[in-house]
Structure formats: C-alpha cells, structure tokens
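Asks: Numbering (my numbering), first residue to last: 23 to 302. Ideal placement from N, C-alpha and C gives every residue a C-beta, glycine not left out. Sharing a structure with you now.
Here you go:
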C-alpha cells in the first residue's frame with residue numbers, strides 16, 4: 023500500500039508541476055465537549071448552566087478558509103463580527119480560553135519543504151510556531167463517497183495520543199492523563215490535485231475535504247478554483263519563534279497558572295462539582 027501511495031504521489035507532483043493554479047476552500051469545524059454539573063454547585067442557576075452549554079457549543083463550531091496554490095497554503099478562521107465579546111454575557115457566564123486556535127491565528131504550510139509556521143498567541147502574547155509538518159501514516163482505501171460535486175476517497179491514520187482531563191471539584195483541580203488509540207479518517211478528492219488539507223492535514227494524492235478523528239469534525243462546504251481575486255500566500259513572520267514542543271509546554275504552564283488564579287479569586291468558587299471536558 024505504501025508503494026502505491028508513493029507512486030501516486032510522484033505522479034501527483036508531476037501533474038501539479040505542469041499546471042499553475044490556486045484556490046480557496048471553506049471548512050466548517052465542530053468539536054465534541056461535555057459539561058457536567060455536580061449536585062451541590064453554589065450560585066450556578068439552571069439558566070447559567072444552559073447558557074454555558076450554549077456558549078461551549080458555539081465556541082466549538084467555526085468556519086475556516088484554506089487558501090492554496092500548488093505547494094503552499096494558509097488556513098485561518100473566517101471571523102464574523104457579530105459579538106464584540108463572545109466569551110461573556112449578561113447571565114454572568116464566562117468561558118475562558120488559554121491560547122491557541124484563536125480568531126487571528128494563521129496556519130501556513132509549505133508542502134514542498136514539509137514545514138509549517140503557525141502565527142498564534144497565548145494570553146495576548148504573540149508566538150510563531152515553526153516546525154516540520156506532522157507525518158501521517160495514511161492507509162488508502164477504495165471506498166468512495168461524494169462531498170458536494172466531488173468524488174472522495176477514504177484514507178485512515180492510526181496513532182497513540184495522550185489525553186488530559188481537568189476536573190474541578192470543591193475548588194480543587196484534578197488532572198488525569200490517559201493514552202488512547204485514535205483513528206483519523208480523511209476523505210480526499212483527486213479532482214483538486216494538491217496534497218493539502220485543513221490546518222496540519224496533508225500527505226494524500228488530492229485535497230482533503232473531510233477529517234474526523236472521533237472528537238473533531240472538519241468538512242469542506244465550498245471550493246473556488248482559480249478565483250478572480252488573486253490568492254496570495256504569505257508565510258507569517260510576527261511573534262516569538264518557538265518549536266511545536268516548546269509552544270505546547272508554554273501553553274500548558276500558562277493554562278495551569280490561569281486556572282490557579284481564577285480559582286483563588288475572591289468571591290469566585292470554581293468548585294462545586296463542575297467538570298468541563300473537551301473532545302469527548
């Protein structure tokens with residue numbers, strides 16, 4: 023199967039080299055999350071519970087734009103300015119974000135050089151994460167399905183990943199780490215001959231139109247090839263340059279610090295059996 027994939031990729035590169043084209047693809051994303059409230063929570067009304075659930079659902083449903091040429095791309099959120107402060111409202115519910123995947127993030131990929139640059143931020147501090155692209159061990163399948171007007175082929179990749187679950191009970195946070203086998207299913211189309219896809223996904227003989235890892239779902243809803251408005255791909259340059267490993271470490275530290283500060287704020291009780299779990 024790997025030999026077949028290699029052969030397809032070589033043919034694929036030759037096809038791309040023979041033509042100049044660009045495009046713009048729109049993706050809708052959603053992410054599973056669960057919120058559990060203990061029996062003895064203080065000051066958390068039914069209305070606030072329902073509002074928190076709605077807020078979490080809205081935060082987990084976003085639209086992104088992938089702009090691409092034959093070897094490079096940028097992936098960023100399509101922001102709608104319908105709410106100047108989407109994380110807080112009159113009901114007193116606030117959802118906190120510790121950084122990464124923000125509305126101003128830009129994820130740049132260079133398929134030819136197999137590298138990426140992610141312009142992002144942690145608590146307002148700009149970072150530029152630069153590293154090699156993640157390599158997926160794709161297994162190709164003959165199974166097909168249609169996504170819009172495109173015939174798509176199935177591919178899967180399996181890996182071991184570490185999950186971190188943070189529970190807050192009676193004002194105390196508890197972190198639980200588990201390891202699980204995750205299978206990512208991709209649907210790609212050879213009708214758009216670029217080895218690219220949303221965010222960090224790539225490495226297949228066609229544009230990836232759908233990704234599902236069991237917790238995150240990304241689906242392409244529109245593709246415009248060679249649009250009238252010229253697609254210009256620029257690698258981001260602003261922010262403190264760090265590796266992916268270093269950025270993850272910094273993000274974890276800042277998240278822990280913020281949780282402790284928020285927990286100790288006078289008059290605020292984060293305990294009461296509230297448990298928020300992202301990703302299933």
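Quick check on the burial criterion: 16 or more other C-beta atoms within 10 angstroms. Buried or exposed for residue 127?
Replies: Residue mapping note: residue 127 aligns to position 105 of the chain shown, counting from 1. It counts as buried.
Asks: I need the boundaries of the alpha helix (DSSP H) containing residue 74, first residue and last residue.
Replies: The count along the chain shown starts at 1 and reaches residue 74 at position 52. Unbroken alpha helix (DSSP H) run through residue 74: 68-81.
Asks: Exposed or buried, which one is residue 118 when buried takes at least 16 other CB atoms within 10 Å?
Replies: By 1-based counting over the chain shown, the position of residue 118 is 96. Because the pLDDT at residue 118 is just 47, under 50, the model does not fix this residue reliably, and the value given afterwards should be weighed accordingly. When all chains shown are included, residue 118 counts as exposed.
Asks: If I follow the unbroken beta strand (DSSP E) through residue 254, where does it start and stop?
Replies: Numbered from 1 along the chain shown, position 232 holds the residue referred to as residue 254. No beta strand (DSSP E) contains residue 254, which DSSP labels as neither H nor E.
Asks: Would residue 173 be called buried (16 or more neighbouring beta carbons within 10 Å of its own) or exposed?
Replies: For this step, residue 173 is matched to residue 151 along the chain shown. Burial call: exposed.
Asks: On the criterion of 16 or more Cβ atoms from any shown chain inside 10 Å, does residue 45 qualify as buried, or is it exposed?
Replies: Walking along the chain shown from the start, residue 45 turns up at place 23. Buried is the call here.
Asks: Pick from 93, 231, 264 and 219: whose alpha carbon is nearest that of residue 141?
Replies: The residue given as residue 141 occupies position 119 in the chain shown. For residue 141, the nearest C-alpha among the options comes from 264.
Asks: With distances taken from CA atoms, which of 82, 129, 68 and 67 is nearest residue 259?
Replies: The residue you call residue 259 lines up with position 237 of the chain shown. Measuring from the Cα of residue 259, the nearest candidate turns out to be 129.
Asks: Reducing DSSP to helix, strand and coil, say where residue 277 ends up.
Replies: Numbered from its first residue, the chain shown carries residue 277 at position 255. Of the three classes helix, strand and coil, the one that applies to residue 277 here is helix, per DSSP.
Asks: Specify the secondary structure class of residue 133 as computed by DSSP and reduced to three states.
Replies: Stepping through the chain shown from its first residue, residue 133 is reached at position 111. Three-state result, residue 133: coil.
Asks: What span of residues does the beta strand (DSSP E) with residue 149 cover, start to end?
Replies: Sequence index remark: in the chain shown, residue 149 carries index 127 (1-based). Per DSSP, residue 149 is one residue of the beta strand (DSSP E) stretching across 147-154.
Asks: Less than 9 Å between the beta carbons of residue 221 and residue 245, yes or no?
Replies: For this step, residue 221 is matched to residue 199 along the chain shown. For this step, residue 245 is matched to residue 223 along the chain shown. In this structure, residue 245 does not lie closer than 9 Å to residue 221 by Cβ.
Asks: Apply the 10 Å Cβ neighbour rule to residue 151 and answer buried if 16 or more other Cβ atoms are within range, or exposed otherwise.
Replies: Stepping through the chain shown from its first residue, residue 151 is reached at position 129. So residue 151 ends up on the buried side.
Asks: Using the beta-carbon count (16 or more within 10 Å), is residue 218 buried or exposed?
Replies: Locating residue 218 in the chain shown gives position 196, counting from the first residue. Buried, since its Cβ has 16 or more Cβ neighbours within 10 Å.
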